[in-house]
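Trainee: Using the numbering used here, read the sequence shown as starting at 806 and increasing by one per residue.
Please see the structure below; I have some questions.
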Amino acid sequence: MAKRASNEHATVSGPIRIGIGGWDFAPWRGVFYPPGLKKKDELAYACARLSAIEINATFYRTQSPATFAAWTSGAPDGFVFAVKAPRGATYTSDNDRAGAAIQHFLGSGLDELGDRLGPILWQLAPTRKFDADALEGFLRELPQKLGDRKLQHAIEARHQSFAHAEAAAILRAHGAARVIVDSDAHEMTGDVTADFVYLRLQRTKEAVETGYDAGALDLWANRLKTYAAGAVPDDMPRAAPDVHMPKVSRPVYAFVISGAKVRAPAAAMALIARLQEK
């Protein structure tokens, strides 16, 4: 088994994990990754500077148990991978077909991640409109456990019709987190619907060295702390503003992804630095 990398630079206060989407991205070489770093060492380099990574290769194709095991051995103790579920499971309106794809995905070697397995991201098609019965049916297909491990399910519903109190209520009933997306393309709702919070930050700008400017980084750092403490930030729009989850500390996962992707690692590291400040 490969020697695991150190994660000493990635510790953040409280149950907050911050990362990026994937780690194999050519424009990061020479910007995030130092010149001359071997491609095989990029995962370890990223893990040493972040506290989570959202794996997106699983969205496009089935991975093997050996691949999951290799990712596990390349990450340090305490590191977490969120895993993006395959589009075959999320881009269909046929829940029977989705159920078969879900079972295939969960049986493909996901358990090889062991205690490095974090939330599973289920990204619905952007054209999929809210339908209460269809959403209920889909959520019933998601198992609560993989072996003895409790699963965390995060639903990214991108159609504006999901910004609805009934959608939030259904997600709460199933313990699934509504993904909070900071994007120009989709409406953001900040409701908490599970015992964890999952965010995807997509407004990085290439002209800004840290992706988000100082004001935006401070804003998001404070929001993440508020979510981790069990509350909802006052400035976040909500589909169900009158519904409140129990105010208990909960894990928060935030991934800087899309936008000016070349700046994503810098933005994630800048957020980590802010959370480490006294």
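Beta carbons are placed, not taken as given, at the ideal position from N, Cα and C, and that holds for glycine.
For clarity, every value in this text was computed on a predicted model and none was experimentally measured.
1) What would DSSP say about G942, mapped onto helix, strand or coil?
2) Where do the ends of the alpha helix (DSSP H) carrying P1070 lie?
3) Run the CB neighbour count on S811, radius 10 Å, all protein chains shown included, and call it buried at 16 or more, exposed below.
4) For a minimum of 3 consecutive residues, which ranges assigned as the beta strand (DSSP E) are wholly contained in the region 1000-1073?
5) Under a three-way DSSP split, which group does R892 fall into?
6) Helix, strand or coil for G919 per DSSP?
7) Please return the same chain residues whose Cβ sits closer than 7 Å to the Cβ of L956, not counting the five positions on each side in sequence.
8) Identify which residue in E859, V1048, D996 has its Cα closest to the Cα of Y1032.
9) Suppose contacts are defined by Cβ-Cβ distances below 8 Å. Is T867 in contact with L918 by that definition?
10) Alpha carbon to alpha carbon, how far is D829 from K845?
11) In terms of alpha-carbon separation, which member of S856, H969, T998 lies closest to P1085?
12) Quick one, are the C-beta atoms of F935 and A972 less than 8 Å apart?
13) Just to confirm before moving on: does the CB-CB distance between F864 and K889 stay below 8 Å?
14) Is the beta carbon of I860 closer than 8 Å to that of A851?
15) Tell me whether the region 956-969 and the region 1010-1018 touch, counting them as touching only if at least three CB pairs, one residue from each stretch, are closer than 8 Å.
16) When you compare the CB positions of D989 and R1005, do they come within less than 8 Å of one another, or not?
17) For the putative contact between E994 and R1043, defined by C-beta atoms under 8 Å, what is the C-beta separation to the nearest angstrom?
18) So what does E950 bridge to, in DSSP terms?
19) Between S1063 and the rest of its own chain, which residues show a CB-CB distance below 6 Å, the 5 nearest in sequence each way excluded?
Mentor: For this structure:
1) helix
2) 1069-1081
3) Here the model assigns S811 a pLDDT of 45, short of 50, so the residue's position is not dependable and the matter cannot be decided.
4) 1002-1006, 1057-1061
5) helix
6) helix
7) I925, P948, Q949, K950
8) D996
9) no
10) 10 Å
11) The structure shown does not extend to residue 1085, since the chain spans only 806 to 1083, so no value can be given for it.
12) yes
13) yes
14) no
15) no
16) no
17) First, the amino acid is wrong: residue 994 is Thr here, not Glu. Correct: roughly 6 Å between the Cβ atoms.
18) According to the sequence displayed, residue 950 carries Lys and not Glu. Bridge partners of K950: K955.
19) Q1007
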